[in-house]
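Asks:
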Amino acid sequence: MSDTDAPADDASGAGRDWVSLFSGGKDSSWALYRALESDLNVSRLLTVHPDGDSYMYHVPHTRLARLVAESVGIELVEVEPNDFEAESTVDSSAQGDAELEPLEAALRDLQEEPDIDLAGVTAGAVESEFQTSRIEGMCERLDIDLFAPLWQRDPRELGEEMLDDGFEILVVQVAAAGLDESWLGRTLDREALDELTALHEEYGVHVLGEGGEFETLVVDGPHMSRRLDVAYDTVWEGTRGYVEVTDARLE
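Just so we're aligned, residue 1 is where the sequence shown starts under UniProt numbering, counting upward by one.
#1: Among residues of its own chain, excluding the 5 on either side of Gly166, which ones have a beta-carbon nearer than 8 angstroms to its beta-carbon?
#2: Pick helix, strand or coil for Arg156, following the three-state DSSP scheme.
#3: Identify which residue in Leu163, Pro102, Ala148, Val207 has its Cα closest to the Cα of Leu36.
#4: Could you say which of Arg16, Gly24, Ser20, Trp18 lies nearest to Val172 if we only look at CA atoms?
#5: Given a cut-off of 8 angstroms, decide if Arg153 and Val121 are closer than it, judged by their beta-carbon atoms.
#6: List, from N- to C-terminal side, the alpha helix (DSSP H) runs of 4 residues or more that fit wholly inside the stretch 95–162.
#7: Compare the Cα-Cα distances from Asp143 to each of Pro102, Gly238, Leu118 and report the closest residue.
#8: Rounded to a whole number of angstroms, what is the C-alpha to C-alpha distance between Val72 and Arg156?
#9: So the candidates are Leu21, Asp233, Asp27, Asp115; which of them puts its Cα closest to the Cα of Val218?
#10: Measuring alpha carbon to alpha carbon, tell me which residue in Leu146, Leu170, Arg141 is nearest Arg227.
#11: Just how far apart, CA to CA, sit Ser38 and Arg16?
#12: Please return the same chain residues whose Cβ sits closer than 6 angstroms to the Cβ of Thr89, not counting the five positions on each side in sequence.
#13: Could you tell me whether any Cβ in chain C is nearer than 8 angstroms to the Cβ of Asp97?
#14: Can you give me the C-alpha to C-alpha distance between Val225 and Asp115, rounded to a whole angstrom?
#15: Could you check what DSSP says for Val90 in three-state terms: helix, strand or coil?
#16: Along the chain, where does the alpha helix (DSSP H) that runs through Asp194 open and close?
#17: Determine the direct distance from the alpha carbon of Glu168 to that of Leu199, and round the result to whole angstroms.
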């Protein structure tokens, strides 16, 4: 797997196109930012809009990726819910494989475009073998590379690097012990990282929420030319909750 040390001018990537698998959350945003900082030619963002819960993809507020793409200045490709096959109840492994199919099909379509010379994709996986093994298999089938700058990095250190580089991160969904309604709409700052570290020690909560404990939205960062301003209500369902965006615009 590629990482932040991978040279941008190697034979596979020099001058060629990269696609950033992008949800608007902190991990995919960081992967995009690190790719740009590494001089990879990211010519497309690709956002998947799953229909309901997903084993493979970030779910909340992926529609806001359109505004973020405008701020970043990179063309957005979207995979819609009706691109997914209807599934009966299956185990997570089978569902993960099925969910990957429309993403792979979208990348194959991009490979066919005359102005695209696809070198690889960026991904924001930290520790998830479930997701990463499937993305790696997809890349092998497509004969492209994977740039995964978060992979097997210390989650706390990654969170601090995001903050040091100017990421403004909102918590938009929580579903884990120790994360109550007060976390909804909270800015992920160092105090929050301290609390998440304590929750990791007490309950096993992943510090960056990779197990689905919480989801985020990046509203500003060095990869964006304009900040995303969001208005929202909060919805609490007893043990979990989410932010319901009522308005969003670029400042």
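C-beta atoms are modelled at their ideal positions from N, C-alpha and C, and glycine is treated no differently. All values derive from a computational prediction rather than experimental measurement.
Replies: Result, derived from the coordinates:
#1: For the purposes of this step, residue 166 is identified with residue 166 of the sequence shown, where counting begins at 1. Only Asp220, Gly221, Pro222 meet the Cβ criterion.
#2: If you number the sequence shown from 1, residue 156 lands on position 156. Helix, per DSSP.
#3: Against the sequence shown, residue 36 aligns to sequence position 36. Cα-wise, what sits closest to Leu36 is Ala148.
#4: Numbered from its first residue, the sequence shown carries residue 172 at position 172. Ranking the options by Cα distance to Val172, first place goes to Gly24.
#5: Position 121 of the sequence shown holds residue 121. Position 153 of the sequence shown holds residue 153. Between Val121 and Arg153, the CB-CB gap reaches or exceeds 8 angstroms.
#6: 129–142
#7: Position 143 of the sequence shown, counted from the start, is the residue given in the question as residue 143. Closest option to Asp143, Cα to Cα, is Leu118.
#8: Within the sequence shown, numbered from 1, the residue matching residue 72 stands at position 72. Within the sequence shown, numbered from 1, the residue matching residue 156 stands at position 156. Whole-angstrom Cα-Cα distance: 26 angstroms.
#9: As a position in the sequence shown, residue 218 is number 218, starting the count at 1. When each option's Cα is compared against that of Val218, the closest is Asp27.
#10: For this step, residue 227 is matched to residue 227 along the sequence shown. For the residues Leu146, Leu170, Arg141, the minimum Cα distance to Arg227 belongs to Leu170.
#11: Translated into the one-based positions of the sequence shown, residue 38 becomes position 38. Translated into the one-based positions of the sequence shown, residue 16 becomes position 16. Roughly 13 angstroms between the two C-alpha positions.
#12: Here residue 89 refers to the residue found at position 89 when the sequence shown is read from its first residue. Because the pLDDT at Thr89 is just 43, under 50, the model does not fix this residue reliably, and the value given afterwards should be weighed accordingly. So no residue of the chain qualifies.
#13: Looking for chain C here will not work: only one protein chain is present.
#14: Position 225 of the sequence shown holds residue 225. Position 115 of the sequence shown holds residue 115. It is worth fixing the name first, because residue 225 is Ser in this sequence and not Val. Straight-line Cα distance between these residues: approximately 25 angstroms.
#15: Start at 1 with the first residue of the sequence shown, and residue 90 comes out as number 90. Note that Val90 scores a pLDDT of 49, beneath 50, so its modelled location is shaky and nothing firm can be said.
#16: Stepping through the sequence shown from its first residue, residue 194 is reached at position 194. Unbroken alpha helix (DSSP H) run through Asp194: 190–203.
#17: Residue mapping note: residue 199 aligns to position 199 of the sequence shown, counting from 1. Residue mapping note: residue 168 aligns to position 168 of the sequence shown, counting from 1. In a straight line, the C-alpha of Leu199 is about 22 angstroms away from that of Glu168.
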